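Report on the following structure.
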Amino acid sequence: MQRLAIIGSGDLGQLIAYHALQDGHYDTVVFFDDFREKGSRVNGCLVIGEIGNVIESYNNGEFDALLIAIGYKHFDKRKACFEQFKGTVPLGRLIHSSSYVAASCKIGEGICIMPGCVLDSNVEIGDNVFINTACCIAHDSGVKAHTFLSPRVAVAGFVVIGSCCNIGINTTIIDNIAITDHVQTGGGAVVTKSITQPGLYVGSPSRFIR
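Here the sequence shown is numbered in our numbering, starting from -5 and rising by one per residue.
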């Protein structure tokens, strides 16, 4: 029996828990959450402690793998939490069975790939990345650590997306583009030039807002 622990029991944690169970990746899901009472349940999954209890709980055999469900509004916390437990607690992977991931892809630890995604040949996904429903990443592209891709993001070939980015729903990124760290794109943005400055980009073609 494989038991998954998730840090964060909010919307993101509940989504990960749903697919982890319904798609048969894990038999049991438990939560760690600093803002919910130990012993409470979220959609039937037990809260077994706070983030500070993770290592003790793992050493006590209470779970087998860990995923982090701290969202894109808290990238610093998400990154710090991952780095705190990497190498100490096994980080899980959740790749939905309806997604296609080419055998030549390189996939990091602690990643989630939701239903209906396509990762073509030689794609590289860094640690702690979340790829939402129906994203398509073409050959030889990469996504660096801790980044979020919203539903239906389309990434052409030879693209590099930096770390701690939040790529908005239906964003399109043309080929041979590099996006620096800490970039957010608005829904439907079309990125036609490399982005070297962190910030929010919207529109078609995308432009810097703030």
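Built from N, CA and C at the ideal position, the CB exists for glycine as well.
Please read these numbers as outputs of a predicted model, since none were measured by experiment.
Spatially closest choice to residue i from the options, by CA coordinates
i: N54; options: I42, G65, A63; result: I42
i: K80; options: I62, F69, Y94, Y66; result: I62
i: I89; options: E77, S98, S51, C111; result: C111
i: A74; options: H140, D114, I10; result: H140
i: L40; options: V196, Q191, N116, L(-2); result: L(-2)
i: G46; options: C106, D114, Q78, N116; result: Q78
i: Y205; options: S188, S157, H133; result: No answer is possible for residue 205: the residues shown for the chain start at -5 and end at 204.
i: L60; options: G197, T174, V196, G104; result: G104
i: T127; options: S188, L113, V184; result: L113
i: G151; options: I171, S157, P145; result: I171
Residue i in three-state terms, based on DSSP
i: Y20; result: coil
i: R72; result: helix
i: I49; result: helix
i: E209; result: The chain is shown from -5 up to 204; residue 209 falls before or after that span and cannot be answered.
i: G2; result: coil
i: G136; result: strand
i: I119; result: strand
i: I10; result: helix
Backbone CA spacing between residue i and residue j [nearest angstrom]
i: L143; j: G33; result: 32 angstroms
i: D58; j: P84; result: 7 angstroms
i: Y66; j: C130; result: 20 angstroms
i: E31; j: I119; result: 34 angstroms
i: V154; j: G136; result: 5 angstroms
i: T166; j: N116; result: 19 angstroms
i: A97; j: Q191; result: 33 angstroms
i: G86; j: C106; result: 9 angstroms
i: T186; j: A148; result: 12 angstroms
i: K71; j: I0; result: 15 angstroms
For residue i, the residue or residues it bridges with in DSSP
i: E103; result: Looking at the DSSP assignment, E103 forms no beta bridge with any residue, so it has no partner.
i: Q178; result: N160, L194
i: L40; result: V24, R35
i: T218; result: Lying outside -5 to 204, the shown extent of the chain, residue 218 is not represented and no answer is given.
i: I189; result: I173
The region 151 to 168 contacting the region 176 to 187, beta-carbon criterion three pairs below 8 angstroms: yes
Meets three-Cβ-pair contact criterion under 8 angstroms: the region -3 to 7 and the region 25 to 32: yes
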